[in-house]
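A.B. asks: Okay, handing you the structure first.
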């Protein structure tokens, strides 16, 4: 990576390198696998204890899947930036002239991949624990919903994670900042998943408008993040 | 609490909170200003 | 508001002192009109009296956040960059949170009288609650520390992100609401036919609240300036003391 001029080639190269680096860190440390996924599964089980009724659980399964996802995102974003600020790596990257947009896209992509794995697992858990079910068409809707939703979550997570990175009291600040922002994702993803599962007799066709909302959200915050990440990081 | 009580409470809360905030701002400003030289305030 | 105290030369000016007097008179008149003199509403009954505090509070809260947004842009734009914009943004956000809190509480009390519930999930209320929480987060970020410039830049970016996010939230909640029939609760029996005096009282409320907003932001912005000056002079003192130490050691 000899290119320190933020042309688009530099941005893309940076993004690939950062994404690969983050995923490599995960592969070696297995934090997602060993800690976050079990946490998410426990949350799903806890919901069952709290709600205490198969009928209710089946009805709210979509919401529970995405709630558990949101809670996990908080942990994963913290982790994504703890990796950097530990050795001051982010500062070093910036002073070396690495394009901030590239860093943003790279971290966002890595986060998105991990989120997709998480969502897949949680949907499986919903099928097993909450008796959710879906057809092939529902499956297509599910996959596209998950893609758009995780993209939006990853964008917002990376952006706000960068803002809170290395700051005192970060752990408590991140949820306060992040959760209000991702409300549209929660609403959209849950409604779309309800259509996919056929909960309450909702047809699959009713899910696509919600997918539209998710895509708009993802695009808006990906762009906003790419633009704002640099100024946020610069000291 | 009957209706009149709610109405009364609304106004007490409204102006009470505003007054409390105003007081807090003034107090805080007085505390800081004790250590800052008088001539450095551009609004005076 | 100690408008007669000679010690009020800290953030007060003749202008704010005069303003304070006008505000107090306005509040008195508003309360008299709102609670005693103005008529009850045909549909809402006595509960409309709360509206004279609730509606201005909400409007000023939105205005406050618009001011925060504009000030944030003014700070970020190089040609107008100045920490004064940052402090205005912060002061306005604080006052905005204050007014929004008042608006939510009074609205909740109004709802209790009118609908029998303290809360309902209609789009406007829910978005208001979100705006409230978002700006509390903004204020929390302002308190994160670092240099004044770092605080200013972080907050400014955050404020603009909030401007982006709030319409999204409003839109999503509205879509969500149309799925439920409860949206009709908000419409039931709340149409107000305002006669002259009621309109005047409402108008007075808006004026009084606007003046309060101006007074509060002026004072708070100056208070923040004093805090920043204190920080800077504290830093200067520490550096001077350090240099003196170093010279003492060198000798």
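Chains as they are written, first to last, in our numbering: chain A, 694 to 928; chain B, 1127 to 1170; chain C, 7 to 257.
For glycine and all other residues, C-beta sits at the position ideal for the given N, C-alpha and C.
#1: Are the region 119 to 138 of chain C and the region 84 to 99 of chain C touching, with three or more C-beta to C-beta distances below 8 Å?
#2: Does any C-beta atom of chain B lie closer than 8 Å to the C-beta of residue 218/C?
#3: Can you find a C-beta in chain F that's less than 8 Å from the C-beta of residue 146/C?
#4: Are the C-beta of residue 706/A and some C-beta of chain C separated by less than 8 Å?
#5: Can you find a CB in chain C that lies within less than 8 Å of the CB of residue 1138/B?
#6: Straight-line CA distance for residue 125/C to residue 770/A?
#7: Comparing C-alpha positions only, which one of 218/C, 59/C, 136/C and 42/C sits nearest to residue 28/C?
#8: What is the residue span of the alpha helix (DSSP H) that residue 143/C lies within?
#9: Could you pull out every residue in the same chain whose Cβ sits closer than 6 Å to the Cβ of residue 774/A, ignoring the five residues on either side in sequence?
#10: Taking the alpha-carbon positions, what's the residue 794/A to residue 110/C distance?
#11: Which residues in chain C sit within 8 Å of residue 732/A, going by Cβ to Cβ distance?
#12: Would you identify the three-state DSSP class for residue 784/A, choosing helix, strand or coil?
#13: Look up residue 51/C in the DSSP assignment and say whether it is helix, strand or coil.
#14: Is there a Cβ of chain A sitting closer than 8 Å to that of residue 182/C, yes or no?
#15: Go ahead and label residue 915/A buried or exposed: buried means 16 or more other beta carbons lie within 10 angstroms of its beta carbon, across all protein chains shown.
#16: Grab the span of the alpha helix (DSSP H) containing residue 200/C for me, first residue to last.
#17: Apart from the five residues just before and just after residue 849/A, which ones in its own chain have a Cβ nearer than 7 Å to its Cβ?
#18: My understanding is that residue 851/A touches residue 797/A, with C-beta atoms under 8 Å, so please give their C-beta distance in whole angstroms.
#19: Give the range of the alpha helix (DSSP H) segment to which residue 810/A is assigned.
#20: Where do the ends of the alpha helix (DSSP H) carrying residue 893/A lie?
#21: So which residues of chain C does residue 755/A contact, with C-beta pairs closer than 7 Å?
#22: Would you say residue 243/C lies against chain A (beta-carbon separation less than 8 Å)?
#23: Taking Cβ positions only, does residue 140/C come closer than 8 Å to chain A?
#24: What does residue 75/C reach in chain A if we use C-beta pairs closer than 9 Å?
#25: Determine the burial state of residue 265/C: buried for a count of at least 16 other Cβ atoms within 10 Å of its Cβ, exposed for fewer.
#26: Counting only beta-carbon atoms, is residue 880/A nearer than 8 Å to chain C?
#27: Quick one: using the 10 Å Cβ neighbour count with 16 as the cut-off for buried, is residue 900/A buried or exposed?
#28: Alpha carbon to alpha carbon, how far is residue 918/A from residue 154/C?
#29: For residue 238/C, which three-state DSSP category applies?
#30: Between the region 886 to 894 of chain A and the region 1151 to 1158 of chain B, can you find at least three pairs of beta-carbon atoms closer than 8 Å?
#31: Could you list which residues in chain C have their beta carbon closer than 7 Å to that of residue 877/A, in chain order?
#32: Quick one, which residues of the region 221 to 250 of chain C are near chain B if we go by CB-CB under 7 Å, in chain order?
C.D. replies: Taking the structure as given:
#1: no
#2: Reading the third chain from its first residue, position 212 is the one you call residue 218/C. True, the Cβ-Cβ gap to chain B drops below 8 Å.
#3: No chain F is part of this structure, whose protein chains are labelled A, B and C.
#4: The sequence position of residue 706/A within the first chain is 13, counting from 1. For residue 706/A, the answer is no, since every Cβ of chain C falls outside 8 Å of its Cβ.
#5: As a first step, residue 1138/B is located in the second chain; it is residue number 12 there, counting from the start. Judged by the 8 Å Cβ criterion, residue 1138/B is not in contact with chain C.
#6: Translated into the one-based positions of the third chain, residue 125/C becomes position 119. Translated into the one-based positions of the first chain, residue 770/A becomes position 77. Computed Cα separation, rounded: 33 Å.
#7: Sequence index remark: in the third chain, residue 28/C carries index 22 (1-based). Checked all of 218/C, 59/C, 136/C and 42/C; the closest Cα to residue 28/C is 218/C.
#8: In the third chain, residue 143/C corresponds to position 137, counting from 1. Per DSSP, residue 143/C belongs to the alpha helix (DSSP H) from 129 to 148.
#9: Your numbering for residue 774/A matches position 81 in the first chain. Only 854 and 858 meet the Cβ criterion.
#10: Counting from one through the first chain, the residue named residue 794/A turns up at place 101. Counting from one through the third chain, the residue named residue 110/C turns up at place 104. Distance between the alpha carbons of residue 794/A and residue 110/C is about 39 Å.
#11: Stepping through the first chain from its first residue, residue 732/A is reached at position 39. Per Cβ cutoff of 8 Å: no residues; residue 732/A is ~24 Å from chain C at best.
#12: Position 91 of the first chain, counting from 1, holds the residue named residue 784/A. Helix, per DSSP.
#13: The residue you call residue 51/C lines up with position 45 of the third chain. Residue state, collapsed to three classes: strand.
#14: Reading the third chain from its first residue, position 176 is the one you call residue 182/C. Closer than 8 Å to some Cβ of chain A, the Cβ of residue 182/C qualifies, so yes.
#15: Locating residue 915/A in the first chain gives position 222, counting from the first residue. Residue 915/A is buried by the Cβ-count criterion.
#16: On the third chain, position 194 is the one that residue 200/C refers to. It is not in any alpha helix (DSSP H) - residue 200/C carries neither H nor E in the DSSP assignment.
#17: Translated into the one-based positions of the first chain, residue 849/A becomes position 156. Taken in chain order, the residues that qualify are 871, 874, 875 and 914.
#18: As a first step, residue 851/A must be located in the first chain, where it is residue number 158. As a first step, residue 797/A must be located in the first chain, where it is residue number 104. Right, the Cβ-Cβ distance comes to about 6 Å (below 8 Å), so this counts as a contact.
#19: For the purposes of this step, residue 810/A is identified with residue 117 of the first chain, where counting begins at 1. 793 to 822 is the span of the alpha helix (DSSP H), which, as asked, contains residue 810/A.
#20: The residue given as residue 893/A occupies position 200 in the first chain. Premise fails: residue 893/A is in no alpha helix (DSSP H) and is neither H nor E.
#21: Counted from its first residue, the first chain places residue 755/A at position 62. Those within 7 Å of residue 755/A in chain C number zero; the least Cβ separation is about 13 Å.
#22: Mapped onto the third chain, residue 243/C falls at position 237. Closer than 8 Å: no.
#23: Along the third chain, one-based indexing puts residue 140/C at 134. By this cut-off, residue 140/C is an interface position.
#24: One-based indexing of the third chain puts residue 75/C at position 69. Neighbours of residue 75/C on chain A: none; closest Cβ ~14 Å, over 9 Å.
#25: Since the first and last residues shown for chain C are 7 and 257, residue 265/C lies out of range.
#26: Counted from its first residue, the first chain places residue 880/A at position 187. Judged by the 8 Å Cβ criterion, residue 880/A is in contact with chain C.
#27: Counted from its first residue, the first chain places residue 900/A at position 207. By the 10 Å Cβ count, residue 900/A comes out buried.
#28: Here residue 918/A refers to the residue found at position 225 of the first chain. Here residue 154/C refers to the residue found at position 148 of the third chain. Cα-Cα distance, rounded: 23 Å.
#29: By 1-based counting over the third chain, the position of residue 238/C is 232. Correct three-state label for residue 238/C: helix.
#30: no
#31: By 1-based counting over the first chain, the position of residue 877/A is 184. Simply 174, 175 and 178.
#32: 222, 225, 226, 228, 229, 232, 233, 235, 236 and 239
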